Amino acid sequence: MAIKLSRRSFVAGIPLLLAACQSKQGATVQAGLTPLSDGTPDYATAYAPVRDGGFSLPGIKYQNFDPKYLRHSVFYPSQYPSGTIVVDPNRKFLYLIQPGGRAIRYGIGVGRAGFAWNGEAVIRFKRKWPKWFPPDEMIEREPRLAKYKDGQEGGPSNPIGARGLYLWQGNKDTLYRIHSTNQPSSIGTNASSGCIRMWHQDIIDLYSRVELGAKVVVL
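So that you can map any letter, position 155 of the sequence shown is 1026 in this note's numbering, and since no number is skipped, the others follow by simple counting.
This is the structure in structure tokens:
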């Protein structure tokens, strides 16, 4: 049966159509991504080289990675309040919970087998270009790191990278961090010694959105 659409019905439907378009672009903007004319995220800009804290960071060759690891705004209903970080090590995703059942999803690298950590914590400290202190256990495994026992100054060669989010349980430092990496190819893999690593451009974005005291849930 043919369906006739009256002018009144068509006009009435325009706001719903526009709302759907705006929802897609609005979600893209929510993730800190400027949409292109077709509504797709402008990853060329999001992952371009950046100057930060006096250091020059290279661009991410995002075309070489599975697109699922690029920053997205996704539908992600959660029991946790907005501002919570949920880490899914198996899928290599970090979710920053947003209002309305959505989240900003980032690709991550996680701990190698035997070094993985899970549980709940809070972000006690946030640091830009932090000093890195290898744990004693790591120095025992890799004696070459003993030269950094008093800390390695912040910089692109530092394993913590451009930003560090420090995970604590009560008054105890878990020694695990969410940080950036100078090994971009490790995103989407089990490569780190337990910490959660991200691309520099993504951790800078996440850092700007996360509050001290935010809950972190590692599945």
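We treat Cβ as the ideally placed atom computed from N, Cα and C, and that holds for glycine. Nothing here was measured: the structure is a model prediction, and the numbers come from that model.
Expressed to the nearest angstrom, what Euclidean distance is found between the alpha-carbon atoms of residue i and residue j?
{"i": "Ser944", "j": "Gln1072", "result": "16 Å"}
{"i": "Glu1024", "j": "Ala1062", "result": "23 Å"}
{"i": "Arg1098", "j": "Asp1021", "result": "Nothing can be reported for residue 1098: it is not among the residues displayed for the chain, which extend from 872 to 1090."}
{"i": "Pro929", "j": "Pro1027", "result": "10 Å"}
{"i": "Ile1058", "j": "Lys963", "result": "8 Å"}
{"i": "Phe986", "j": "Asp909", "result": "43 Å"}
{"i": "Ala919", "j": "Tyr1078", "result": "18 Å"}
{"i": "Ser1064", "j": "Tyr966", "result": "21 Å"}
{"i": "Lys932", "j": "Gln1040", "result": "36 Å"}
{"i": "Arg922", "j": "Ile1075", "result": "12 Å"}
{"i": "Glu1011", "j": "Val900", "result": "45 Å"}
{"i": "Ser953", "j": "Ala1085", "result": "10 Å"}
{"i": "Gly982", "j": "Ile1049", "result": "11 Å"}
{"i": "Thr924", "j": "Arg995", "result": "The displayed chain sequence assigns Gly, not Thr, to residue 924. Their Cα atoms are separated by approximately 22 Å."}
Less than 8 Å between the CB atoms is what I'm expecting for residue i and residue j, so what's the real figure, rounded?
{"i": "Ile979", "j": "Met1069", "result": "6 Å"}
{"i": "Val1088", "j": "Tyr951", "result": "7 Å"}
{"i": "Tyr947", "j": "Arg973", "result": "6 Å"}
{"i": "Ser1051", "j": "Gly1032", "result": "3 Å"}
{"i": "Trp988", "j": "Tyr1047", "result": "5 Å"}
Let me check understanding here. Comparing Cα to Cα, which of the options lies closest to residue i?
{"i": "Gln1054", "options": "Val900, Thr905, Asn1029 and Arg1015", "result": "Asn1029"}
{"i": "Gly1034", "options": "Leu1016, Leu907, Gly972 and Pro1001", "result": "The sequence shown places Arg at residue 1034, rather than the Gly named in the question. The candidate whose alpha carbon is nearest that of Arg1034 is Pro1001."}
{"i": "Phe936", "options": "Gly1084, Ser1079, Thr1060 and Ser1064", "result": "Thr1060"}
{"i": "Leu1083", "options": "Ile968, Leu1036 and Gly1032", "result": "Leu1036"}
{"i": "Asp1044", "options": "Ser1056, Gly1032, Thr1052 and Cys1066", "result": "Cys1066"}
{"i": "Asn1042", "options": "Trp1003, Met1009, Arg1048 and Val993", "result": "Val993"}
{"i": "Thr916", "options": "Ser927, Gly925, Tyr1047 and Leu904", "result": "Leu904"}
Classify residue i as helix, strand or coil using the three-state DSSP reduction.
{"i": "Pro1027", "result": "coil"}
{"i": "Gly1035", "result": "strand"}
{"i": "Tyr859", "result": "Look at the range of the chain in this structure, 872 to 1090, and you will see that residue 859 is not part of it."}
{"i": "Gln1040", "result": "strand"}
{"i": "Pro920", "result": "coil"}
{"i": "Ala902", "result": "coil"}
{"i": "Lys1020", "result": "coil"}
Can you check the segment 928 to 1007 for any beta strand (DSSP E) of at least 3 residues that lies completely inside it and give the ranges in chain order? 943 to 946, 956 to 959, 964 to 969, 973 to 978 and 990 to 999
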